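Heads up: the sequence shown begins at 50 in this note's numbering, then just goes up one per residue. Ideal Cβ placement from N, Cα and C applies to all residues, glycine included. Here the structure is a predicted model, which is why all the values come from computation and not from measurement.
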Amino acid sequence: MAKHVAILYGGWSAEREVSLASGRACCKALESQGYKVTPIDVQPDIATVLQAVAPDVVFNALHGRVGEDGTIQGLLELLKIPYTHSGVLASALAMQKDKAKIVMEAAGVPVPRGMVVNRFEAAKSHVLSAPYVIKPISEGSSYGVIIVREDRSHPPQELLREDWAFGDQVLVESYVAGRELTCAVMGDKALGVIDIRPATGVFYDYDAKYVKGGSIHVLPAEIKPNIYQKVQELALTAHQALGCRGISRADLRYDDTPGGTGELVVLEVNTQPGMTETSLVPELAAHAGYTFGELVQWMVEDATCNR
């Protein structure tokens, strides 16, 4: 008898729409692999719904808070339902970017120089020399990210908006010029490296991530073999240092600009990377020889409790 898989998607985080797209794609792929699939748009009554549905496995296709920060993982541990991706601690840690940086740096992973400051302070004066980046401590999909260029005389006043939805504490980091690279880890193996080039502008923002044609993915990345291998090593080290399981994806910056620093840093590790048709992990898995169906099947078969 085929395994019964409940796909958790949607929810109420800022990344709801991305999660819905991921969930639909994974639902279709798992059905094609012969699984019985029940899609669940997650609401606050999710514990009651899961007990009624009684799946063998949960495929977690949620993105953002609740689904990615250890909350849903803790619930699934209590309900004793095996689930995909990382467990409670790794999920909570990776989502808290400032804490994740401390752990990664202790493991020898280079990270950007930065600090946590109050958004009102960051709006009063430049807390770092421009160029620098301001980002929410615990959001994904580039929500709330502000790049402060060298020619910007005043600090970003967007931080003072009454509808600012990303918390009063923000992470301010030095801007690393050059390439945006990403590398996925599948189990205990690093996959390939993609060089992400926004089709317009210079920043891999929400539209570049999720709108068709928003970015150009160069796979394998056209970088020196020793740098390519270093990116893979750093992605795997970061994955292991944070205690991630299943699939994760590390985002990096590499300054190979003329006269640049040659700096290579890990920005963050995503424990719930996107699984849409334009997403990076399915593309990296395909490069490694896995169809989308085989990838999601691997994730279901890898699912456990105590992750």
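Residue burial classification, K173 (beta-carbon count within 10 angstroms, cutoff 16): exposed
Boundaries (first-last residue) of the alpha helix (DSSP H) holding A112: For clarity, residue 112 is His in the given sequence; the question names Ala instead. Where H112 is concerned, there is no enclosing alpha helix (DSSP H), given that its DSSP letter is neither H nor E.
By the three-class DSSP mapping on this structure, what secondary structure does I196 have? strand
Please state whether DSSP places Y224 in a helix, a strand or coil. coil
Looking at the structure shown, is Y277 part of a helix, part of a strand, or coil, going by DSSP? helix
Distance check for A74 and T325, CA to CA, integer angstroms please. 6 Å
According to DSSP, residues forming a beta bridge with L230: D244, L301
Counting beta carbon pairs with one atom in the stretch 176-184 and one in the stretch 217-226, are three or more of them shorter than 8 Å? yes
Kindly examine the ligand SAM and report whether one of its heavy atoms sits closer than 7 Å to the Cβ of E64. Absent from the structure shown: the ligand SAM. Ligands present: none.
Beta-carbon contacts of E271 that lie in its chain and below 7 Å, excluding the five residues immediately before and after: D244
Nearest CA to the CA of A139: which residue from V197, L57, M153? M153
Quick check on the burial criterion: 16 or more other C-beta atoms within 10 angstroms. Buried or exposed for V280? buried
First through last residue of the alpha helix (DSSP H) which encompasses K148: 146-155
For a test of the three-state rule: what should DSSP assign to S264, helix, strand or coil? S264 sits in a strand when the DSSP states are folded into three classes.
Quick check on the DSSP output: the beta strand (DSSP E) that includes D90 runs from which residue to which? Run containing D90: 85-90, per the beta strand (DSSP E) assignment.
Helix, strand or coil for V98? Go by DSSP, reduced to three states. helix
One or two residues paired with Y58 in a DSSP bridge: D90
Under DSSP, the beta strand (DSSP E) around E317 begins and ends at which residues? 313-319
Please return the same chain residues whose Cβ sits closer than 6 Å to the Cβ of A352, not counting the five positions on each side in sequence. V106, P131, Y132, T133
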